[in-house]
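Residue numbers (the working numbering): 610 to 818.
Structure record follows, encoded as structure tokens.
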């Protein structure tokens, strides 16, 4: 309500419509958000013009002079998984690097391997790569509100050792209040709600060490 600046009158109208009752039905299928938005005659939340790719113009910059801890602090997260540390992740690079970035989305559950394959195959002339933790953190710092809409995963970085028995990947998520940096298993079958960050170097970028 706060995000959409919903007035009390508007909220009462929504309640009276019965739509919220339908949403909270135990058997309600909530996988196709875009279908619901179409039924409500609301513009697409995804800006999706071809399968899997969210057409948003995104540019991020990674400062490799920063430590991982400094990158995390720059994102101003309200909760951070304690395994998001230099023992598990080791960003490697020099100077400041600019990247093009895109969010990939699928309207069905997918495994990490499938996401990686589709990411790399989306543009064979200038290939996308799954975003690493440094790209994810740069994205979170520049676009803090995106993770409030959907969790955003960086499949390009996998923990150096197992967390709770499995190798894990970082992702940005929302909390009831605030934003968080989480880990989840690489072996997941990801729900359609998730989005996946992909990057490639900008052809015009200049490293400024």
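For glycine and all other residues, C-beta sits at the position ideal for the given N, C-alpha and C.
| Asked | Found |
| --- | --- |
| Counted within 10 angstroms of its Cβ, other Cβ atoms place residue 732 as buried (16 or more) or exposed | exposed |
| Residue from 764, 636, 695 and 753 whose Cα sits closest to the Cα of residue 796 | 764 |
| Residue 708, buried or exposed, once every other Cβ within 10 Å from all chains shown has been counted against 16 | buried |
| For residue 799, the residue or residues it bridges with in DSSP | 719 |
| Neighbourhood of residue 695 by C-beta distance below 7 Å, restricted to the same chain and skipping five residues each side | 677 |
| Beta-carbon spacing of residue 723, residue 713 below 7 Å | no |
| Where residue 756 sits in the DSSP three-state scheme | helix |
| Per-residue burial, residue 799 [other beta carbons within 10 Å of its own, 16 or more giving buried] | buried |
| Cβ-Cβ distance between residue 706 and residue 671 below 7 Å | yes |
| Three CB pairs or more closer than 8 Å across the region 767-777 and the region 736-745 | no |
| For residue 720 and residue 831, the rounded distance between their alpha carbons | With the chain covering only 610 through 818, there is no way to say anything about residue 831. |
| Inter-residue Cα distance where the pair is residue 629 and residue 615 | 15 Å |
| Anticipated Cβ contact below 8 Å, residue 700 with residue 745, distance rounded | At roughly 10 Å, the Cβ-Cβ gap does not stay under 8 Å, so residue 700 and residue 745 are not in contact. |
| Inter-residue Cα distance where the pair is residue 824 and residue 624 | Since the first residue of the chain shown is 610 and the last is 818, residue 824 is not available in this structure. |
| Residue 621 in three-state terms, based on DSSP | helix |
| Nearest-angstrom Cα separation, counted from residue 803 out to residue 681 | 21 Å |
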